[in-house]
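Trainee: Residues 1 to 415 (the UniProt record's numbering) make up the sequence shown, in order.
Quick reminder that beta carbons are idealized off the backbone N, C-alpha and C, glycines included.
All values derive from a computational prediction rather than experimental measurement.
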Amino acid sequence: HWVAKGFVLPDRENTRMMEERGGKYLRILLQSSLLEKVGDEGSTYYKMHDLVHDFAKSILNPESSNQDRYLALDSSKGLEENTIRTIPASIRTLFLHVEGGISTDMLLRFKCLNVLRLSGYDVESLPSSIGKLLHLRLLDISFSRITSLPESLCKLYNLQTLTINVNALKGGFPKGMSDLISLRHLNYYDYDAELKMPAQMGRLTCLQTLEFFNVSQERGRGIEELGTLKYLKGSLSIRNLGLVKGKEAAKQAKLFEKPNLCRLAFEWESGDRESDNREEDVLEGLQPHPKLQRLGIDSFMGNKFPQWLINLSKLEALEIIGCKRCSELPSLGQLPSLKRLYLIGLDNIRSIGDEFYASGSSTRKRKFFPALEVLYVEYMENLVEWKDADQVRSTVGEAETDTGQGRSSDSDDRP
1 HWVAKGFVLP DRENTRMMEE RGGKYLRILL QSSLLEKVGD EGSTYYKMHD LVHDFAKSIL
61 NPESSNQDRY LALDSSKGLE ENTIRTIPAS IRTLFLHVEG GISTDMLLRF KCLNVLRLSG
121 YDVESLPSSI GKLLHLRLLD ISFSRITSLP ESLCKLYNLQ TLTINVNALK GGFPKGMSDL
181 ISLRHLNYYD YDAELKMPAQ MGRLTCLQTL EFFNVSQERG RGIEELGTLK YLKGSLSIRN
241 LGLVKGKEAA KQAKLFEKPN LCRLAFEWES GDRESDNREE DVLEGLQPHP KLQRLGIDSF
301 MGNKFPQWLI NLSKLEALEI IGCKRCSELP SLGQLPSLKR LYLIGLDNIR SIGDEFYASG
361 SSTRKRKFFP ALEVLYVEYM ENLVEWKDAD QVRSTVGEAE TDTGQGRSSD SDDRP
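Right, dumping it as structure tokens:
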């Protein structure tokens, strides 16, 4: 919100993201007791002390302090025209919860808006007039029932944050989404791997938040579109990796050059298929930055995993699921930060030996899994040998195994 309202500007050298500068300002305000943190871990927010608020208000320019900039309006019976007219047209932030829908004319009154949050059970469509709010930087419709986005949305060239609900893209992304060149955060997750991504997403070079990317063979929707998105951070799931042609194509995503991505999920199409060396090449080309903290690999059908996997020194959680053709596990035992390990549905693994704990001649000289807290193994139906399994379980705080031949568990709770 601070960025959207223009309170935080880029530094002159452009060496730090505005969000980072905003975080620094917040820490300074907290340390100076100008703001206080309230709430629990599930819901945290920050509050200005009454005395600080009164002091700040007393030194404001009287002319500017008399201008209303922020309004939160809750109307259970819809908005009447007379009510709308009482709202200052110069308002900058509007939180609007209405029952009865939103008219086209209503939005046209507020052309100065920087922040707009729409919610309500009856808010089922976003008026095309949204495209007239040229100063809008943040749009949140996540608590509405809107099921499609108008093409006019793509005229909001200053829009930085778009937060939408789970049903908002039933009709797909607007065709001109790549015109939102200022977009920094697309807060939306869809489990539908067939949803087409906006064409030419690589044009959104300011983008930091992108929760998923569905690879397609269509022009402008391939994995190479991720290459120019160098500021991506947080979590990203990349799906339909079976459509990537090989190692060089995968490398075009340039994941190795994205240090702010802390979680990655690589997902191939589910279902049985023959082992494919091309999938090994693709996974090799998807090498992430060494700072990666969480990694998921789902339905990969190569025989073995890439060497880069055992060099992720910051990796804290690893999930390998449904990789039915893999015949050998990577050497994970010496990953210094690995706390949670999930191995599920690896049908082709017959034995777990020294190679699982470390590689090379020094296999048993060092402690293996030095940080592991949770180990979960399930559906390893062909596993006949697991060397030092008891020792692994004894060193892990929470261990549960069900290889298909009977369950051994040190925990009653599944992770």
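Kindly indicate which residue of 373, 349, 146, 370 has the alpha-carbon position closest to the one of residue 386.
Mentor: In the sequence shown, residue 386 corresponds to position 386, counting from 1. Ranking the options by Cα distance to residue 386, first place goes to 349.
Trainee: Residue 106 and residue 127: beta carbons closer than 9 angstroms?
Mentor: Looking up residue 106 in the sequence shown gives position 106. Looking up residue 127 in the sequence shown gives position 127. Yes, the Cβ-Cβ distance between residue 106 and residue 127 is below 9 angstroms.
Trainee: For residue 334 and residue 356, what's the separation of their Cα atoms in angstroms?
Mentor: Taking the first residue of the sequence shown as position 1, residue 334 is located at position 334. Taking the first residue of the sequence shown as position 1, residue 356 is located at position 356. If I take the Cα positions, the gap works out to 9 angstroms.
Trainee: For a quick check, are the C-beta atoms of residue 97 and residue 143 less than 9 angstroms apart?
Mentor: The residue labelled residue 97 in the question sits at position 97 within the sequence shown. The residue labelled residue 143 in the question sits at position 143 within the sequence shown. Yes, the Cβ-Cβ distance between residue 97 and residue 143 is below 9 angstroms.
Trainee: Can you find the residues in the same chain that come closer than 7 angstroms, C-beta to C-beta, to residue 384, ignoring five residues on each side of it along the sequence?
Mentor: Your numbering for residue 384 matches position 384 in the sequence shown. So the qualifying residues of the chain are 350, 351.
Trainee: Consult DSSP for residue 46 and reduce its assignment to one of helix, strand or coil.
Mentor: To locate residue 46, count along the sequence shown from 1; it is residue 46. If DSSP states are grouped into helix, strand and coil, residue 46 belongs with the strands.
Trainee: For residue 248, count neighbouring C-beta atoms within 10 Å of its own C-beta (all shown protein chains included) and say buried if the count is 16 or more, exposed if not.
Mentor: The residue given as residue 248 occupies position 248 in the sequence shown. Result: exposed.
Trainee: Helix, strand or coil for residue 421, going by three-state DSSP, please let me know.
Mentor: Residue 421 lies beyond the stretch modelled for the chain, which goes from 1 to 415, so this question has no answer here.
Trainee: Going residue by residue through the segment 145-185, where are the continuous beta strand (DSSP E) segments of at least 3 residues, counting only ones entirely within it?
Mentor: Fully enclosed beta strand (DSSP E) runs of 3 or longer: 161-164.
Trainee: Quick one: using the 10 Å Cβ neighbour count with 16 as the cut-off for buried, is residue 47 buried or exposed?
Mentor: The sequence position of residue 47 within the sequence shown is 47, counting from 1. Exposed, since its Cβ has fewer than 16 Cβ neighbours within 10 Å.
Trainee: Using the beta-carbon count (16 or more within 10 Å), is residue 376 buried or exposed?
Mentor: For the purposes of this step, residue 376 is taken as residue 376 along the sequence shown, with counting starting at 1. Residue 376 should be labelled buried.
Trainee: Between the alpha carbons of residue 381 and residue 282, how many angstroms are there, rounded?
Mentor: Position 381 of the sequence shown, counted from the start, is the residue given in the question as residue 381. Position 282 of the sequence shown, counted from the start, is the residue given in the question as residue 282. If you take the alpha carbons of residue 381 and residue 282, they lie about 27 angstroms apart.
Trainee: If I follow the unbroken beta strand (DSSP E) through residue 260, where does it start and stop?
Mentor: Stepping through the sequence shown from its first residue, residue 260 is reached at position 260. No beta strand (DSSP E) contains residue 260, which DSSP labels as neither H nor E.
Trainee: Tell me whether residue 290 is buried or exposed, calling it buried when 16 or more other Cβ atoms sit within 10 Å of its Cβ.
Mentor: Counting from one through the sequence shown, the residue named residue 290 turns up at place 290. Looking at its Cβ environment, which holds fewer than 16 other Cβ atoms inside 10 Å, residue 290 is exposed.
Trainee: Classify residue 222 as helix, strand or coil using the three-state DSSP reduction.
Mentor: Numbered from 1 along the sequence shown, position 222 holds the residue referred to as residue 222. Coil at residue 222, not helix or strand.
Trainee: Output needed for residue 64: all residues of its chain with C-beta closer than 7 angstroms, excluding positions within five of it in sequence on either side, in chain order.
Mentor: The sequence position of residue 64 within the sequence shown is 64, counting from 1. Residue confidence is low: residue 64 scores 48 on pLDDT, short of 50, so the model does not pin down where it sits. Its coordinate-derived value is still stated next. No residues qualify anywhere along the chain.
Trainee: Using the C-alpha atoms, what's the distance from residue 155 back to residue 119?
Mentor: Your numbering for residue 119 matches position 119 in the sequence shown. Your numbering for residue 155 matches position 155 in the sequence shown. Spanning the two alpha carbons is a distance of roughly 22 angstroms.
Trainee: Counting only the same chain and skipping the five closest in sequence on each side, list residues whose C-beta sits under 6 angstroms from that of residue 416.
Mentor: It is not possible to answer for residue 416, since the shown part of the chain is limited to 1 through 415.
Trainee: Residues bridged to residue 296 by DSSP?
Mentor: Position 296 of the sequence shown, counted from the first residue, corresponds to residue 296. DSSP output for residue 296 lists 265, 319 as bridge partner(s).
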